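Right, one structure below, let's go through it.
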Amino acid sequence: MQVLLSLITVWIHLSSKVLAQSYPYYLTTIKGCSAWFDNSGDYTCTEIRDVLHITPANFTRWNPSITLGCGNWELYTSYCTWVESEAPVLPIITTTTSAAPTATTKPTPPWWKPVGCWPVGAADFPSLDKSVSAISSITPSKCGDACYNIADTDYRFAGIAAGSQCWCGEFVRNDMTDSIQNNCNITCAGDSSEVCGGTKFISIYEAMFSAKPNVTSTSTSTSTSTSVISSTS
Numbered sequence: 047m048q049v050l051l052s053l054i055t056v057w058i059h060l061s062s063k064v065l066a067q068s069y070p071y072y073l074t075t076i077k078g079c080s081a082w083f084d085n086s087g088d089y090t091c092t093e094i095r096d097v098l099h100i101t102p103a104n105f106t107r108w109n110p111s112i113t114l115g116c117g118n119w120e121l122y123t124s125y126c127t128w129v130e131s132e133a134p135v136l137p138i139i140t141t142t143t144s145a146a147p148t149a150t151t152k153p154t155p156p157w158w159k160p161v162g163c164w165p166v167g168a169a170d171f172p173s174l175d176k177s178v179s180a181i182s183s184i185t186p187s188k189c190g191d192a193c194y195n196i197a198d199t200d201y202r203f204a205g206i207a208a209g210s211q212c213w214c215g216e217f218v219r220n221d222m223t224d225s226i227q228n229n230c231n232i233t234c235a236g237d238s239s240e241v242c243g244g245t246k247f248i249s250i251y252e253a254m255f256s257a258k259p260n261v262t263s264t265s266t267s268t269s270t271s272t273s274v275i276s277s278t279s
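Each number in our numbering comes from the position in the sequence shown (counting from 1) with 46 added on.
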């Protein structure tokens, strides 16, 4: 039988790129973890892996106490959900001219995937930590591109609150609301088919670099539920 190491409580200050965990974590957790999920019982291990696009192999490698089948998922324990040092290097486009030195630019994400509705959060612990100046006729793609084009940053998440306030972040803090339609219910000024948050709530989108999947409409109505987000491996 596998012998589990004792849990310890470690409290660290937040920096611009590290989110502190609130619960104890296992000593075997990967060093250099950049973001954590505090398991308060709202979501299963599988839901967290799926919504954050983390493979079972990576999740278990970051959190060796968890099996590939999500065994040993413990309440009131913090688990690593993002390791910034393992983030894929994004491709760059290099252009040259005879009169100017070589310049590099980041590619623009083809689309921004909706991942859920979050509370805006407290001033000292917002869900997304970078505010962007006002954008006319705002849409998720306009907010997302504004975030992604900020120099010397890699903001993978963009969000809109109260129908007009654009926010950016490298990861998402706080817990996703369980009542998305009730809390994020303001349509975007630039596209009435898109949702731009609500009063004290923010609709969050993630940069996608793959082709946007085609959605085929059918006459049969279905209902879906949205879990929590936030990072990719």
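Cβ coordinates follow ideal geometry from the N, Cα and C atoms, glycine included.
Since the structure is predicted, the reported quantities are computational estimates derived from the model, not experimental observations.
Going by alpha carbons, who is nearest to S179 out of Q211, S80 and V129?
Mapped onto the sequence shown, residue 179 falls at position 133. Per the Cα distances, Q211.
Taking only three categories from DSSP, how would you classify N260?
Here the question's residue 260 lines up with position 214 in the sequence shown. Coil.
Taking the C-alpha atoms as reference points, what is the distance between G162 and T74?
Here residue 162 is taken as the residue at index 116 of the sequence shown, counted from 1. Here residue 74 is taken as the residue at index 28 of the sequence shown, counted from 1. Rounded to whole angstroms, G162 to T74 spans 31 Å at the Cα level.
Let me make sure I understand the geometry here. Which of S124, P155, I76 and P165 has the alpha-carbon closest to that of N231?
Numbered from 1 along the sequence shown, position 185 holds the residue referred to as residue 231. Nearest to N231 by alpha-carbon distance, out of S124, P155, I76 and P165, is P165.
Spatial distance of R107 from T185 (CA atoms):
As a first step, residue 107 is located in the sequence shown; it is residue number 61 there, counting from the start. As a first step, residue 185 is located in the sequence shown; it is residue number 139 there, counting from the start. Straight-line Cα distance between these residues: approximately 37 Å.
CA nearest to the CA of P160, picked from G87, F83, G78 and L98:
Translated into positions along the sequence shown, residue 160 becomes position 114. P160 has its Cα closest to that of L98, out of G87, F83, G78 and L98.
With DSSP as the reference, label P70 as helix, strand or coil.
Within the sequence shown, the letter at position 24 stands for residue 70. Taken through DSSP and simplified to helix, strand or coil, P70 comes out as coil.
Taking the alpha helix (DSSP H) that N228 belongs to, which residues open and close that run?
Within the sequence shown, the letter at position 182 stands for residue 228. Counting along the chain, the alpha helix (DSSP H) containing N228 begins and ends at I226 to N229.
Under the assumption that G236 contacts S177 (Cβ atoms under 8 Å), give the Cβ distance between them as a whole number of angstroms.
Looking up residue 236 in the sequence shown gives position 190. Looking up residue 177 in the sequence shown gives position 131. Contact between G236 and S177 is ruled out by a C-beta separation of about 19 Å, above the 8 Å threshold.
From I196 to A204, what distance separates their C-alpha atoms?
Walking along the sequence shown from the start, residue 196 turns up at place 150. Walking along the sequence shown from the start, residue 204 turns up at place 158. Computed Cα separation, rounded: 12 Å.
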